[in-house]
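Chains as they are written, first to last, in full-length UniProt numbering: chain A, 1 to 256; chain B, 1 to 358.
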């Protein structure tokens, strides 16, 4: 519970799994990473798994979370977070391993790792931040860039004839993962729901059922060149239209 | 696979790949991560047959990039882990080797060299010498043992894990297709029964045994030039301090030699044959072989060649060892006769022939 402190002003309650020394965090103003990591921190607190957790992050904006949490963290290479956490979990199944990455790391350079981890039903949790572009490198096209969307490498808008359609990651993982997988797509526009998905994803790993994969729709106002209103509109309307939010797989049953 | 055990000393007749699998068991390795590529496949084949009997684990990954990084993951949790590859797989694994160099992860890679560049041949070469010693976008802070016999494959596999966990630099065992596939006799043993110490593994992350532990944040990305400089220079200092302790070489008859044959790996067996034959003929010939090609025994070679007039450098590559020799002996110019045969084997007779041309 949040406590009323000085002057009866409600103090912001930060997750205890956060590393206070590195706050405020390093993400751009308006970026979704901080929100995703906040609800992830709350889930870590609620599940009490801080001491057995290893958090892995990728290159790209997600690497800025390398000292975000007060728990063991490894920052690795583009797309290689999945195999690093897989290697840990295989060697030491008692840990709770989380691989945190962006859409480039998960769907482009590291897609073979994501796909095969799903096929093998690795008992790890993968959390992927989808903001429709490559943020850290300056806003190039990502596998998730929407049709017609302008980026640094699609200055006239993404032409699907040339570059294909946006990758639907959770749909892919849900299609190939065996029984026991948990797959969902949440959004920073609905943090309560996203938190629920992340909690289920970690609980699924702890239960040893199978792979847990959550994509989080997120914003990148810096590279999108959007103001606050436009940013939220893009996440809630444009992105959500293409990337349907919801649970795609639960460990109890394989749909379809 | 031969039905043997590691109790006492056992004389066995095995392929090199089988030897590596047995040696990894002897070194108390917990897990292997691997991806098929010739000529190292049988390391995985034997390991997966031994694993259940010795309580070991295995993961076949989707590619060599993944094999390298899953191995690093396993090691970070405090398990002894390794992987093995060759040729194009070695190229892919350099990404993980770079991370291991930067983050000081005690990883062991077994490289059974094949022909190069690219797919080339699946048989044999010494064309991964430069890649293994200096691959990646860094300074080549690695230990590389180049083995010549099956006994060495066994002994140095065990040693590779000890060196890796003592000094925390990526450590490579550099074999080749001939060593991988041929059979020869050797003695296998339990190193601890012989009084050899196995350096224990330690967890870097996820160490739940340590209650109330402080958390660790590992990264290989740095914000500023100066910050990176400090990290790399600290690694360089550690590497420089370590190098004299791990450097290994073998030499014969260099004291009075006019010509010294320099070679590494399996080619040094042909060189040794040539040395013995020429010495029997009364020729003043020497034999010098770096066992660690990184760190390279340049100082030792310089000393060995003091009275000599020429070096005959023989290798199954076009100058990869030659460059190391030149670099290691730069302050003592000597005429070098190169015998450079990329991708093909070298026999005793051929070395004798080259010697006689000098």
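All residues carry an ideal CB built from backbone N, CA and C; glycine is no exception.
*Best match in B:162, B:284, B:10 and B:98 for proximity to residue 138 (chain B) [C-alpha to C-alpha]*: Scanning B:162, B:284, B:10 and B:98 for the CA closest to the CA of residue 138 (chain B) turns up B:98.
_Per DSSP, what are the beta-bridge partners of residue 311 (chain B) in this structure?_
As DSSP reads the structure, residue 311 (chain B) sits in a beta bridge with B:260 and B:336.
_DSSP has residue 75 (chain A) in a bridge; who is on the other side?_
A:57
*Would you say residue 105 (chain A) and residue 60 (chain A) are within 9 Å of each other, going by their C-beta atoms?*
Yes; because the gap between Cβ atoms is below 9 Å, this pair is in contact.
_Length of the line joining the Cα atoms of residue 83 (chain B) and residue 110 (chain B)_ = 6 Å
*asked:* Looking at chain B, is there any beta carbon in it that lies within less than 9 Å of the beta carbon of residue 89 (chain A)?
replied: yes
_For residue 80 (chain B), three-class secondary structure by DSSP_ = Residue 80 (chain B): coil per DSSP, three-state reduction.
*asked:* Taking a contact to mean a Cβ-Cβ separation below 9 Å, would you say residue 126 (chain A) touches residue 211 (chain A) in this structure?
replied: Yes, these two residues count as a Cβ contact at 9 Å.
*Any C-beta of chain B sitting closer than 9 Å to the C-beta of residue 95 (chain A)?*
yes
*asked:* Counting C-beta neighbours from all protein chains within 10 Å, is the total for residue 74 (chain B) 16 or more, i.e. buried, or is it exposed?
replied: buried
*Answer yes or no: does any C-beta atom of chain B fall closer than 9 Å to that of residue 66 (chain A)?*
yes
*asked:* Counting only beta-carbon separations shorter than 9 Å, does residue 55 (chain B) have a partner in chain A?
replied: no
*From the beta carbon of residue 53 (chain A), is the nearest beta carbon of chain B less than 9 Å away?*
yes
*Can you give the Cα-Cα distance for residue 22 (chain B) and residue 311 (chain B), rounded to whole angstroms?*
37 Å
*Run through DSSP, which three-state label would residue 186 (chain A) get?*
In the displayed model, residue 186 (chain A) falls within a strand according to three-state DSSP.
_the segment 275–286 of chain B in contact with the segment 313–327 of chain B per 3-pair CB rule at 8 Å_ = With the rule of 3 Cβ pairs closer than 8 Å, the segment 275–286 of chain B does not count as touching the segment 313–327 of chain B.
*Would you identify the three-state DSSP class for residue 357 (chain B), choosing helix, strand or coil?*
helix
*Taking the runs of the alpha helix (DSSP H) that are 4 residues or longer, which of them lie wholly in the segment 194–274 of chain B?*
225–246
*Is residue 213 (chain B) close to chain A, meaning its C-beta is less than 9 Å from at least one C-beta of that chain?*
yes
*Looking at the C-beta of residue 1 (chain A), does it have a partner C-beta in chain B at a distance below 9 Å?*
In this prediction, residue 1 (chain A) has a pLDDT of 49, which is less than 50 and means its spatial position is unreliable; what the coordinates show is noted afterwards. No, no contact with chain B.
*Look at the alpha carbon of residue 181 (chain A) and the alpha carbon of residue 247 (chain A), and state the distance between them as a whole number of angstroms.*
11 Å
*Counting Cβ pairs closer than 8 Å, one from the segment 92–104 of chain A and one from the segment 49–68 of chain A, do we hit at least three?*
yes
_Positions along the segment 116–148 of chain A whose CB lies within less than 8 Å of some CB in chain B_ = 116
*Kindly indicate which residue of B:69, B:33 and B:112 has the alpha-carbon position closest to the one of residue 17 (chain B).*
For residue 17 (chain B), the closest alpha carbon among the candidates B:69, B:33 and B:112 is that of B:112.
*Where does residue 43 (chain B) sit, in a helix, a strand or coil, going by DSSP?*
helix
*asked:* Considering only the alpha carbon of each residue, which of B:166, B:19, B:157 and B:179 lies closest to residue 173 (chain B)?
replied: B:157
_Where residue 189 (chain B) falls: helix, strand or coil (DSSP)_ = coil
*Among residues of its own chain, excluding the 5 on either side of residue 250 (chain B), which ones have a beta-carbon nearer than 8 Å to its beta-carbon?*
268, 287, 288, 289 and 291
*heavy atom of the ligand ZN below 8 Å from residue 66 (chain B) C-beta*: Looking at this structure, you won't find the ligand ZN or any other ligand, since it has none at all.
*asked:* In whole angstroms, give me the CA-to-CA distance for residue 350 (chain B) and residue 272 (chain B).
replied: 12 Å
*Out of curiosity, what's the CA-to-CA distance linking residue 247 (chain B) and residue 301 (chain B)?*
12 Å
*At 8 Å on the CB atoms, spell out the chain B contacts of residue 84 (chain A), in chain order.*
69, 70, 72, 73 and 76
_Selected residue, minimal CA-CA separation from residue 126 (chain B), among B:216, B:161, B:72 and B:90_ = B:90
*C-alpha gap between residue 331 (chain B) and residue 28 (chain B), whole angstroms*: 43 Å
*Roughly how many angstroms separate the alpha carbons of residue 217 (chain B) and residue 111 (chain A), rounded to a whole number?*
25 Å
*Along the segment 29–44 of chain B, what residues have a CB closer than 9 Å to any CB found in chain A?*
30, 31 and 33
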